[in-house]
Amino acid sequence: MNSTGPKDVVQRYFAALAAGDQDAIRNSWAEDGSCWYGGDLPISGTWQGRDQVIDGFLATAFAHLDPDREVGVRVTNVFGEGEQVLVEWDSWATGRTGRPYDQKNTAVFTVRGGRIVGMREYADTQHWERALVADPA
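Under full-length UniProt numbering, think of the first position of the sequence shown as 1, with each following residue one higher.
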């Protein structure tokens, strides 16, 4: 098995996310990598370059989570064809709002040269907002 194959790279990235291994997370991304997240949230839009992905997108997402409570991620499916990898995963946490966050996520990753060069993530943005941002009605 090629340990730098696209599916392997993405699975190592998720293992690093689950473990909180910042070096492995950063090393998973190409310097010019980008990610896109839909909706109208603090994490929405296109984040261009590894530093923006890590220090912008991911940092912004994690800033909405209660750091004293469990943050989890569990990959449920991985499909790959060529340099494209589709991943489904569950994620859970407690927001700084005190509300539970329990999300099903899907993303399409593009991997070249053993690093992630692109990610497009799809999730329930209304749940993200209700759990992590919005004041309760």
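Positions of the beta carbon are idealized from the N, C-alpha and C atoms, including for glycine.
Identify whether L58 lies in helix, strand or coil by the three-state DSSP scheme. Indexing the sequence shown from 1 puts residue 58 at position 58. Note: L58 maps to helix in three-state DSSP.
Cβ neighbours of Y37 in the same chain (closer than 6 Å, five flanking residues each side left out): Looking up residue 37 in the sequence shown gives position 37. Same-chain partners within the cutoff: I43, S44, E121.
Selected residue, minimal CA-CA separation from Y101, among L65, R12, G80, A18: Here the question's residue 101 lines up with position 101 in the sequence shown. For Y101, the nearest C-alpha among the options comes from L65.
Where G118 and G98 are concerned, what is the direct C-alpha to C-alpha distance, given to the nearest angstrom? What you label residue 118 is simply residue 118 of the sequence shown in a count that begins at 1. What you label residue 98 is simply residue 98 of the sequence shown in a count that begins at 1. Each residue's Cα considered, the two are about 32 Å apart.
From E83 to R115, what distance separates their C-alpha atoms? Residue numbering aside, residue 83 sits at position 83 when the sequence shown is read from its first letter. Residue numbering aside, residue 115 sits at position 115 when the sequence shown is read from its first letter. Using only the alpha carbons, I get a separation of about 10 Å.
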